[in-house]
Every structure is written in C-alpha cells, then in structure tokens.
Amino acid sequence: GAVVSQHPSWVICKSGTSVKIECRSLDFQATTMFWYRQFPKQSLMLMATSNEGSKATYEQGVEKDKFLINHASLTLSTLTVTSAHPEDSSFYICSARADRDYEQYFGPGTRLTVT
Amino acid sequence: GQNIDQPTEMTATEGAIVQINCTYQTSGFNGLFWYQQHAGEAPTFLSYNVLDGLEEKGRFSSFLSRSKGYSYLLLKELQMKDSASYLCAVRDGDYKLSFGAGTTVTVRA
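Protein sequences, first through last, are from chains A and B. Taking this note's numbering, the leading residue of the first sequence gets 1, the next gets one more, and so forth. Taking this note's numbering, the leading residue of the second sequence gets 1001, the next gets one more, and so forth.
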C-alpha cells in the first residue's frame, strides 16, 4: 500500500522559535496533501489543504501566516509553525492523496511540544 | 460544513460484537470513511462507503444509508488489540475529510 512518512516524529522547541515538519509520499505522487492537528482526547481537525505548485487553502480559524505550508513537489509538503507557543503543542498529522484515488494515506504524525 | 456525531465510549467483552453508530449532516457528501486510531498514532484506514449498503471486510463491516445520514461500523469477534478509538469521517466534494470526535472502544477479557 501507499506509504507516507513524516519527519520528525517528535520535537521539543522553545517558545518563539519555528519548527518545520516534513511530509513525504514514498511510493506515489501526491497531488493533494492535507495537514491536520489533534489535541489530546480530541479528533483530527483539518488545518489546510495543499496542492502541488499552488498556495495552500486554510480552514477557517487557522492563521496562514503562523502555519506556513509549502508543497513544492509531488512527494513533499512542509508545515512550518512560526513563533511557536505552548498552545501550539499538539499532534500534527499529514495525509496524501493521488489523483483518481478515493483514499487518503496518513503519515505517522509529529508530536510537537513547545516549552 | 459537516456535523458528525458518534458515541464517546463503548465497552465490550473479548469475542463479542460491537456496533458503532455515526450520524452526519453534510453540505456535500462524497463518501464516508472509518478509521482506527491507537493512542499516539496516526489513523489507519478500515473502510469506505459511498453507496448505500453493507461493505464487509473480514471481522469489520460498515454500513451506509445516505438518505438517513447514517453509518455504522460493526466489529465482530472482538480481540484485545481492537481496543482503540474509531473515527467516522465524511468526505466532501473537494476530498476534504471531516472527522467525528471518535469512539473509544475498550475490550475486556
């Protein structure tokens, strides 16, 4: 089956710094990638949708200047959390979809802790 | 937007059957998914329904009624490893998924 990787698996950073999370589709070309955030004991909330070569579409309430998304190639999307604060601590999960495919394939997630 | 409801918790005994219901109200429907998620891990795909009826996949089955905005996931012959959160997700025409809050299933010996 299709494999999606994320790097890093977990990261601890200090308040005010920026963190970049990578999402890669390893064995297929992902025309669309999605970024989700999940707080403890809550469900996944879609943050943004990115299509290769175009600007990401952000969900209502998600600050696009704080969560920078780049989808520069068909196998890589990055999420940069800028000026991170403790309230940004969460589990960030990406998923990827190929054209004409009904399924989204999820990455293993990145646990971000901001101290 | 989507409004997706599922029970918060369910408990069952090993070997038993459990049915997790999901109701949804949607502004656009393009399929319903069920995922399993263990704590601290990403969701894993269980099933997909886009037409009415039952889809069976080993010990797991999923049912959809589009007219009623209703789905269920049926877990048969429960095993301890089935203890997890089960997420109902509805997809819209832009392939975006909206997730329910998840149902935590606890399997007891």
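Even glycine gets a Cβ: it sits at the ideal position worked out from N, Cα and C. This one's a predicted model, so the numbers in the text were calculated from it and none came from an experiment.
Report task. Say yes only if the C-beta of residue 1055 of chain B is nearer than 7 Å to one or more non-hydrogen atoms of the ligand COA, and no if none qualify. Result -> The ligand content of the structure shown is nil, which means the ligand COA is not present either.
Report task. Could you list the residues in the segment 63-87 of chain A with a C-beta less than 7 Å from some C-beta on chain B, going in chain order? Result -> none
Query - CA-to-CA distance, residue 46 of chain A to residue 36 of chain A, given in whole angstroms - result: Taking the first residue of the first sequence as position 1, residue 36 of chain A is located at position 36. Taking the first residue of the first sequence as position 1, residue 46 of chain A is located at position 46. Those two C-alpha atoms are separated by around 4 Å.
Query raised in the report: Can you name the residues that DSSP bridges to residue 1108 of chain B?
Result: For the purposes of this step, residue 1108 of chain B is identified with residue 108 of the second sequence, where counting begins at 1. In DSSP, residue 1108 of chain B forms a bridge with B/1013.
Report task. Verify the CB distance criterion: does residue 22 of chain A have a CB-CB separation below 8 Å to chain B? Result -> For the purposes of this step, residue 22 of chain A is taken as the residue at position 22 of the first sequence. Chain B contact via Cβ: absent.
**Report entry** CA nearest to the CA of residue 69 of chain A, picked from A/4, A/10, A/23
**Finding:** As a position in the first sequence, residue 69 of chain A is number 69, starting the count at 1. Comparing Cα positions, the closest option is A/23.
Requested in this report: Could you tell me whether the Cβ atoms of residue 1020 of chain B and residue 1099 of chain B are closer together than 8 Å?
Outcome: Taking the first residue of the second sequence as 1, we reach residue 1020 of chain B at position 20. Taking the first residue of the second sequence as 1, we reach residue 1099 of chain B at position 99. No, Cβ-Cβ distance for residue 1020 of chain B and residue 1099 of chain B is not below 8 Å.
**Report entry** Simplified DSSP assignment, three categories, for residue 87 of chain A
**Finding:** Residue mapping note: residue 87 of chain A aligns to position 87 of the first sequence, counting from 1. Three-state DSSP puts residue 87 of chain A in a helix.
Report task. Return helix, strand or coil for residue 1057 of chain B, following the three-state DSSP convention. Result -> On the second sequence, position 57 is the one that residue 1057 of chain B refers to. Residue 1057 of chain B: strand per DSSP, three-state reduction.
Query raised in the report: Got a sec, what are the start and stop residues for the beta strand (DSSP E) residue 101 of chain A sits in?
Result: By 1-based counting over the first sequence, the position of residue 101 of chain A is 101. Run containing residue 101 of chain A: none; DSSP gives neither H nor E here.
**Report entry** Min CB distance residue 1084 of chain B to chain A below 8 Å
**Finding:** Here residue 1084 of chain B refers to the residue found at position 84 when the second sequence is read from its first residue. With 8 Å as the cut-off, residue 1084 of chain B does not count as an interface residue toward chain A.
Requested in this report: Would you list the one or two residues that DSSP bridges to residue 65 of chain A?
Outcome: Within the first sequence, residue 65 of chain A is the residue found at index 65, counting from 1. None, per the DSSP bridge assignment.
Report task. Using the Cα positions of residue 53 of chain A and residue 77 of chain A, report the straight-line distance between them to the nearest angstrom. Result -> Counted from its first residue, the first sequence places residue 53 of chain A at position 53. Counted from its first residue, the first sequence places residue 77 of chain A at position 77. Taking the straight line joining both Cα atoms gives about 10 Å.
Requested in this report: State the beta-bridge partners of residue 1002 of chain B as determined by DSSP.
Outcome: Walking along the second sequence from the start, residue 1002 of chain B turns up at place 2. Residue 1002 of chain B pairs with B/1026.
Report task. With DSSP collapsed to three states, give me the class of residue 41 of chain A. Result -> Position 41 of the first sequence, counting from 1, holds the residue named residue 41 of chain A. Residue state, collapsed to three classes: coil.
Query raised in the report: What number of angstroms, rounded off, separates the C-alpha of residue 1071 of chain B from the C-alpha of residue 88 of chain A?
Result: Within the second sequence, the letter at position 71 stands for residue 1071 of chain B. Within the first sequence, the letter at position 88 stands for residue 88 of chain A. Using only the alpha carbons, I get a separation of about 33 Å.
Requested in this report: Please go through the same chain and pick out, in chain order, the residues whose beta-carbon is closer than 8 Å to the beta-carbon of residue 1097 of chain B, but skip the five residues on each side of it.
Outcome: As a first step, residue 1097 of chain B is located in the second sequence; it is residue number 97 there, counting from the start. 1033, 1089, 1090, 1091.
Requested in this report: Decide if residue 3 of chain A is buried, meaning its Cβ has at least 16 other Cβ atoms within 10 Å, or exposed.
Outcome: Here residue 3 of chain A refers to the residue found at position 3 when the first sequence is read from its first residue. Exposed is the call here.
Report task. Give the residues from the segment 94-115 of chain A that approach chain B closer than 7 Å (Cβ to any Cβ), ordered along the chain. Result -> 97, 102, 103, 104, 106, 107, 108, 109
Query raised in the report: Just the Cα atoms here: how many angstroms apart are residue 32 of chain A and residue 1038 of chain B?
Result: Start at 1 with the first residue of the first sequence, and residue 32 of chain A comes out as number 32. Start at 1 with the first residue of the second sequence, and residue 1038 of chain B comes out as number 38. Cα-Cα distance, rounded: 25 Å.
Requested in this report: Output yes or no for whether 8 Å exceeds the beta carbon distance between residue 1048 of chain B and residue 103 of chain A.
Outcome: Counting from 1 along the second sequence, the entry for residue 1048 of chain B is found at position 48. Counting from 1 along the first sequence, the entry for residue 103 of chain A is found at position 103. Cβ distance < 8 Å, so residue 1048 of chain B and residue 103 of chain A count as in contact.
Report task. For chain A, find out if any of its Cβ atoms is closer than 8 Å to the Cβ of residue 1063 of chain B; answer yes or no. Result -> As a working mapping, residue 1063 of chain B is identified with position 63 in the second sequence. It does not; no Cβ of chain A falls within 8 Å.
**Report entry** Amino acids of chain A, ordered along the chain, whose beta-carbon sits closer than 9 Å to that of residue 1087 of chain B
**Finding:** Locating residue 1087 of chain B in the second sequence gives position 87, counting from the first residue. Per Cβ cutoff of 9 Å: 43, 44.
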